[in-house]
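Enquirer: Before I ask anything, let me first share the structure, which is written out below as structure tokens.
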Amino acid sequence: MAANGVSGTRMAKWLVSGPPLLYLLVFFAAPALIMVLASVRSPGEFGGLAPLVDESGRLDLNTESYVRLFTESVYLQVFVKSAWYALLTTLACLALAYPLATLIAKSPKKHRDLLLLLVILPFWSNFLIRIYAWMIILGPNAALARMVNGVLAWFGAGPVPLLFSAFAVLTCLVYVHLPFMVLPLYANLEKHDQALLDAAQDLGANAWNRFWRITFPLSLPGVYAGSALVFIPALGIFAIPDILGGPDDTLIGNLIKQQFLETRDWPFGSVLSIMLTVAALLLAGIAAWVGRRGAAGAARA
Amino acid sequence: MNVRALAAAVLAIAAFATAPAYAKDQLHLYNWNNYIAPETIKRFEGVCQCEVVQTYYSDNEELLAKLAAGATGYDVLVPTSNAVQALIRGGQLKPLDKTAIPNLKNVDPAYLNTPFDPGNQYSVPYAMSTTILGYNDEKMKELGLPTDTWAVIFDPKYLEKVKGRVTVLDSANELFAAALKYLGYSANDVDPKHWDEAAAAIKKAKPYWAAFNASSYIKELTVGNIWLVHGYSNDIFQANLDAQAAGRKFHIVQGVPKEGAVLAVDNMVIHKAAPRPDLALRFINFMLDGRNSAELTNLIGSGNPNLDAMKYIKPELTKLPAVFPPKDVQAKLEQLKDLTVAQRRLRNKLWTEIKASK
Amino acid sequence: MRRRSPWLWAAALAAYAFLYVPLIIVVVYSFNDSRLNAEWVGFTLDWYRKLAANDDMLAAAGNSLLIALTASLVATVLGTMAGVALHRYRLRLLPILVLAPIAIPEILMGVSLLIFFVLLNFTLGLVSVALAHIAFCIGFVAIVVRARLAGMDESLTEAARDCGATPARAFRHVTLPLIMPGVVAGALMAFTLSIDDFVITFFTAGAGTVTLPLLIYSMIKISVTPEVNAVSTLLMLLTLLLIVVAAKLSPTLLRSDRET
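Chains as they are written, first to last, in this note's numbering: chain A, 50 to 350; chain B, 33 to 390; chain C, 27 to 286.
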């Protein structure tokens, strides 16, 4: 790992890290702590939270909600499914984004910005109508479904619904998260020195070797950044299964939403959210640790 | 440097966007989208010489969550009865000054003096809808399926014929109510054993359903991808209008199950911290006038508890049993009651198991 | 001029097609003569006409744009600082604070921010929404900037310092141009996240604040009409225009192809 070069004077450190730290402490940590506290309180009878100090003057704190989480295995089941969907989404995004980011990074300078903007332009339209567009594409009478079911009919298999299915959910998950994989990858690939690859080619390395032994390892920070920015949000998503998921496509994000917007059980919703956040941070931490070891390995190579 | 130019542009837009702070009286209405005719709003603004600022929610629970977290600034809210119950018991509403709303006399007494708001201290009925079946008449006739019973979405012998073409609402309260009605119980039954039976019925039918959906099912019904839905009468009414406008050969028809259904009455209430309760009362009285009340019904096909409005409503709407239920159907409609914490938790546990089951 | 592999072209074009087919449907359907966003019926400009008369929707679009510009600007500045700090210094608290807003479910964030603002007696409105958006956008910018810095050659910055440049000058003239593609990428992500956010905005918006997502999501049950397609198409074009104009006005600042 490259040395932490420039001067680490304490003042510089606070000047640079101070403002974002302060902002996040005030507008993220403080509100989040309110809800972390909520996880050990009781739900209000009609919604919200029960008063912190009940009628007899005692502090109303309990770990009911945590107990529920760990004794009812259905929540773990749903969480595992969400993690699986998020993983599939990340891998698919990586597969689609890598060639795209590479193409943009290697384009002539005057085109790069435009190509980048073209990637993100669709996402300035409203989320709902983009999903509705997918409903049109995946509808049972649309070209795609007819083609797929036609092929299946050849093999004697029955028609499968493309809409209201896991396939629809995954396709839209990939679609919605793709730019968040493309942009970090691009930011990393853009700085790769073409001269290095040219030299390798002159020395006889073929395209596959050049990619696998030079480009990919150098792009790992971009890969990890993109993967984090896709996997973590994808874990908590609820709108896509709501709109075009099948009866079995309930993800942890849907369960959390239900706690706040149906059951009015804020403490339990808070517990589920905390578990989700902790799990996501742990996974990111593990990935980063693996990444550092991998980068060290690549640096040695 | 051009960060300055950008900053200047942002400030300019900011000035522009926040400019309309003319010292006009404002009424803040927090309502469902498309739940009041634009002409009605304009007329009220003319009458009261004020501005109606509308913001929207798409679910009672969104409203409840926002108010429970402490949001203020709203004058008039339009919650459904069970949400009104929660709001009253949570002390979130301002009592109505009856002397300021003489038009209350226009309302059908059958909808007044409800168990959750005796004497209408806090709420007045605004509009209604029922949660019923909606279906593609061509397809249902072709398949020979009944359209007047909940069995058609719960009984596998019927479901086999429409597998993958049925959706149900993604709402634990609504679906449990329908299942309980199907089993012959009250929609407000809170016996855990009956809930288990309802959950079992739902799990049995689930493999045949295309989706639990509360948002895009109407679209799919209208274009013919879905043939049978568990949905709201207003939406199904609108679906038929859209289907006809698109030149479809089939009709989307409302089917009121003979076992009964859920009636949702939306009410106008005033938030306890309303900035302009005086304007709020004027608005409520204005909306209780028959002509104003009728405009919504004519717009979206919603039910109307206002007797004075009947003469302004389009005749074809008054004939729809899902919108203006005749006495025998009325007897079987039930309004949902709010549940206690323990009951809500139990229901959520059952609901989660249903959703996670295969 | 080195030829690009045809496989690369094919894969990249497939990715662009994947991105654009739904968008083409969105734009085409804004001219659809049917209330539903479900099938093509006929051509009409009605929805654009309706939109021109729909003050509420236009105001909502304006609010969204304003909030997104402000939030992405501030988030980019703070996020870049955070990204640089994460790369250079061993910090314990900042990495968690940067990553957690991305992980935490939006609904929890929204409710807790609302409670927080109410506790502080802070009037809800456009500002409260912008403050909330900045909080969850910082992380995205920080992660991209840090990824850009990873493995970056600090010798240039060291050389500048050795030549007598203050840290500030070294940053502005050496580091910043080097990380600019990361900063731009982060800014684009922040803008995109802000302009389409619903859940957090719902809870932190005031009684008179309507953004475009709030308006559109509230229509979800009654069928989102092609007017929404029209406003989306226009908003996309407007944003593209703004960025192109900004890029032309400041070629030295925004170009992401900077070489040292």
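Note that CB positions come from ideal geometry on N, CA and C, so glycine has one too. In this text, all values refer to a predicted model and were calculated from it rather than measured experimentally.
Please classify C:Thr192 as buried or exposed, where buried requires at least 16 neighbouring CB atoms within 10 angstroms.
Expert: If you number the third sequence from 1, residue 192 of chain C lands on position 166. Counting Cβ neighbours within 10 Å, C:Thr192 comes out exposed, since fewer than 16 surround it.
Enquirer: For a test of the three-state rule: what should DSSP assign to B:Ala53, helix, strand or coil?
Expert: Locating residue 53 of chain B in the second sequence gives position 21, counting from the first residue. Bear in mind that the predicted position of B:Ala53 carries a pLDDT of just 45, short of 50, making it unreliable; the figure below should be weighed with that in mind. In this structure, B:Ala53 counts as coil in the three-state DSSP scheme.
Enquirer: Can you list the beta strand (DSSP E) stretches of 3 or more residues lying completely in the segment 193-250 of chain B, in chain order?
Expert: DSSP runs (the beta strand (DSSP E)) wholly in the segment 193-250 of chain B: 198-200.
Enquirer: From the DSSP output, in three-state form, read off B:Gln86 for me.
Expert: Within the second sequence, numbered from 1, the residue matching residue 86 of chain B stands at position 54. Strand at B:Gln86.
Enquirer: Measure the alpha-carbon distance for B:Leu253 versus C:Val170 and round it to whole angstroms.
Expert: On the second sequence, position 221 is the one that residue 253 of chain B refers to. On the third sequence, position 144 is the one that residue 170 of chain C refers to. Spanning the two alpha carbons is a distance of roughly 43 Å.
Enquirer: Could you tell me how far apart the beta carbons of A:Phe280 and A:Ala141 are, in whole angstroms, since I believe they sit closer than 8 Å?
Expert: Residue mapping note: residue 280 of chain A aligns to position 231 of the first sequence, counting from 1. Residue mapping note: residue 141 of chain A aligns to position 92 of the first sequence, counting from 1. Between A:Ala141 and A:Phe280 the Cβ distance is about 12 Å, and since that is not below 8 Å, they are no contact.
Enquirer: I'd like to know whether the C-beta of B:Ala231 is nearer than 8 Å to at least one C-beta of chain A.
Expert: Mapped onto the second sequence, residue 231 of chain B falls at position 199. Not an interface residue.
Enquirer: Say whether chain A places a C-beta atom closer than 8 Å to the C-beta of C:Leu203.
Expert: Looking up residue 203 of chain C in the third sequence gives position 177. What sits at residue 203 of chain C in the sequence shown is Pro, not Leu. No, its Cβ sits nowhere closer than 8 Å to a Cβ of chain A.
Enquirer: Is there a C-beta anywhere in chain C that falls below 8 Å from the one on B:Ala53?
Expert: On the second sequence, position 21 is the one that residue 53 of chain B refers to. Note that B:Ala53 scores 45 on pLDDT, short of 50, meaning its location in the model is unreliable and no value can be drawn from it.
Enquirer: Give a yes or no on whether 8 Å exceeds the smallest Cβ distance from A:Tyr224 to chain C.
Expert: The count along the first sequence starts at 1 and reaches residue 224 of chain A at position 175. Closer than 8 Å: yes.
Enquirer: For chain C, is any of its Cβ atoms less than 8 Å away from the one on B:Ser90?
Expert: For the purposes of this step, residue 90 of chain B is identified with residue 58 of the second sequence, where counting begins at 1. Yes, its Cβ sits closer than 8 Å to a Cβ of chain C.
Enquirer: If A:Glu239 and C:Pro207 are in contact, beta carbons under 8 Å, what's the gap, nearest whole angstrom?
Expert: Locating residue 239 of chain A in the first sequence gives position 190, where the first residue counts as 1. Locating residue 207 of chain C in the third sequence gives position 181, where the first residue counts as 1. Going by Cβ atoms, the distance from A:Glu239 to C:Pro207 rounds to 5 Å, so yes, they are a contact pair.
Enquirer: Contact between the segment 237-251 of chain A and the segment 88-99 of chain A: three or more CB pairs below 8 Å?
Expert: At 8 Å Cβ cutoff, the stretches do not touch.
Enquirer: With a cut-off of 8 Å, do at least 3 Cβ pairs link the segment 320-333 of chain A to the segment 44-53 of chain C?
Expert: Because the criterion of three Cβ pairs below 8 Å is not met, the segment 320-333 of chain A and the segment 44-53 of chain C do not touch.
Enquirer: Quick one: list the residues of chain C neighbouring A:Leu211, beta-carbon separation under 9 Å, in chain order.
Expert: In the first sequence, counting from the first residue as 1, residue 211 of chain A sits at position 162. Here the premise fails: no neighbours, minimum Cβ distance about 14 Å.
Enquirer: According to DSSP, is A:Val55 part of a helix, a strand, or is it coil?
Expert: Taking the first residue of the first sequence as 1, we reach residue 55 of chain A at position 6. Here the model assigns A:Val55 a pLDDT of 48, short of 50, so the residue's position is not dependable, and the following value carries that caveat. A:Val55 falls in the coil class under three-state DSSP.
Enquirer: Could you tell me the alpha carbon to alpha carbon distance between A:Asn53 and A:Leu269, rounded to whole angstroms?
Expert: By one-based count along the first sequence, residue 53 of chain A stands at place 4. By one-based count along the first sequence, residue 269 of chain A stands at place 220. The pLDDT assigned to A:Asn53 is 42, lower than 50, so where the model puts this residue is not dependable; a value taken from the coordinates is nonetheless given after this. Spanning the two alpha carbons is a distance of roughly 19 Å.
Enquirer: Taking contact to mean 3 or more Cβ pairs, one atom from each stretch, closer than 8 Å, check whether the segment 228-238 of chain B and the segment 124-134 of chain B are in contact.
Expert: With the cut-off at 8 Å, the segment 228-238 of chain B and the segment 124-134 of chain B do not touch.
Enquirer: Report the partner residues of A:Gln308 according to the DSSP bridge assignment.
Expert: By 1-based counting over the first sequence, the position of residue 308 of chain A is 259. A:Gln308 is not bridged to any residue.
Enquirer: For C:Leu39, which option in A:Leu110, A:Arg90, A:Leu152, A:Val127 has the closest C-alpha, if you only look at C-alpha atoms?
Expert: In the third sequence, counting from the first residue as 1, residue 39 of chain C sits at position 13. Taking only the C-alpha atoms, the option nearest C:Leu39 is A:Leu152.
Enquirer: Using the rule of at least 16 other Cβ atoms within 10 Å of the residue's Cβ for burial, across every protein chain shown, is B:Pro141 buried or exposed?
Expert: Position 109 of the second sequence holds residue 141 of chain B. Counting Cβ neighbours within 10 Å, B:Pro141 comes out exposed, since fewer than 16 surround it.
Enquirer: Going by DSSP in three states, B:Thr104 sits in which element: helix, strand or coil?
Expert: Walking along the second sequence from the start, residue 104 of chain B turns up at place 72. Looking at B:Thr104 - three-state DSSP - the assignment turns out to be coil, as it is neither helix nor strand.
Enquirer: Going by Cα to Cα distance, which pick from A:Asp297, A:Cys221, A:Trp183, A:Gly295 is closest to C:Glu65?
Expert: Position 39 of the third sequence, counting from 1, holds the residue named residue 65 of chain C. That would be A:Trp183, whose Cα lies nearest to the Cα of C:Glu65.
Enquirer: Rounded to whole angstroms, how far is the Cβ of B:Glu366 from the Cβ of B:Val288, which I believe are closer than 8 Å?
Expert: Here residue 366 of chain B is taken as the residue at index 334 of the second sequence, counted from 1. Here residue 288 of chain B is taken as the residue at index 256 of the second sequence, counted from 1. No, B:Glu366 and B:Val288 are not in contact; Cβ-Cβ is about 13 Å, not under 8 Å.
Enquirer: Quick test of your reading: B:Leu61 and B:Val84, contact by CB under 8 Å. State the CB separation rounded to the nearest angstrom.
Expert: Against the second sequence, residue 61 of chain B aligns to sequence position 29. Against the second sequence, residue 84 of chain B aligns to sequence position 52. The Cβ separation is near 6 Å, so the contact holds.
Enquirer: Where does B:Met300 fall in DSSP's three states?
Expert: Stepping through the second sequence from its first residue, residue 300 of chain B is reached at position 268. Three-state result, B:Met300: strand.
Enquirer: By alpha-carbon positions, which one of A:His241, A:Leu118, A:Tyr72, A:Ile292 ends up nearest to B:Tyr249?
Expert: Taking the first residue of the second sequence as position 1, residue 249 of chain B is located at position 217. It is A:Ile292 whose Cα lies nearest to the Cα of B:Tyr249.
Enquirer: So, does the CB of B:Phe244 fall closer than 8 Å to a CB anywhere in chain A?
Expert: Taking the second sequence and counting its residues from 1, one reaches residue 244 of chain B at position 212. Answer yes: the Cβ-Cβ gap between B:Phe244 and chain A drops below 8 Å somewhere.
Enquirer: Determine whether the beta carbon atoms of B:His87 and C:Val257 lie at a separation below 8 Å.
Expert: Within the second sequence, the letter at position 55 stands for residue 87 of chain B. Within the third sequence, the letter at position 231 stands for residue 257 of chain C. Sequence check: residue 87 of chain B is Thr here, not His. No.
Enquirer: At a Cβ threshold of 8 Å, is A:Asp162 touching chain C?
Expert: By 1-based counting over the first sequence, the position of residue 162 of chain A is 113. Answer yes: the Cβ-Cβ gap between A:Asp162 and chain C drops below 8 Å somewhere.
Enquirer: Compute the distance between the beta-carbons of C:Ala161 and C:Thr96, then report whether it is under 8 Å.
Expert: Along the third sequence, read from residue 1 onward, the residue named residue 161 of chain C stands at position 135. Along the third sequence, read from residue 1 onward, the residue named residue 96 of chain C stands at position 70. No, the Cβ-Cβ distance between C:Ala161 and C:Thr96 is not below 8 Å.
Enquirer: Just the C-alpha distance for A:Leu278 and C:Leu99, rounded to the nearest angstrom, thanks.
Expert: Your numbering for residue 278 of chain A matches position 229 in the first sequence. Your numbering for residue 99 of chain C matches position 73 in the third sequence. Roughly 19 Å separates the two Cα atoms.
Enquirer: Could you tell me the alpha carbon to alpha carbon distance between B:Glu71 and B:Ala326, rounded to whole angstroms?
Expert: On the second sequence, position 39 is the one that residue 71 of chain B refers to. On the second sequence, position 294 is the one that residue 326 of chain B refers to. Straight-line Cα distance between these residues: approximately 12 Å.
Enquirer: Starting from B:Pro157 and walking both ways along the beta strand (DSSP E), at which residues does that stretch end?
Expert: Here residue 157 of chain B corresponds to residue number 125 of the second sequence, with the count starting at 1. Run containing B:Pro157: 155-168, per the beta strand (DSSP E) assignment.
Enquirer: To which residues does DSSP link A:Pro92 through a beta bridge?
Expert: Locating residue 92 of chain A in the first sequence gives position 43, where the first residue counts as 1. For A:Pro92, which the question treats as bridged, DSSP gives the partners A:Leu98.
Enquirer: Check for me: the beta strand (DSSP E) holding B:Asn63 runs from which residue to which?
Expert: What you label residue 63 of chain B is simply residue 31 of the second sequence in a count that begins at 1. 58-64 is the span of the beta strand (DSSP E), which, as asked, contains B:Asn63.
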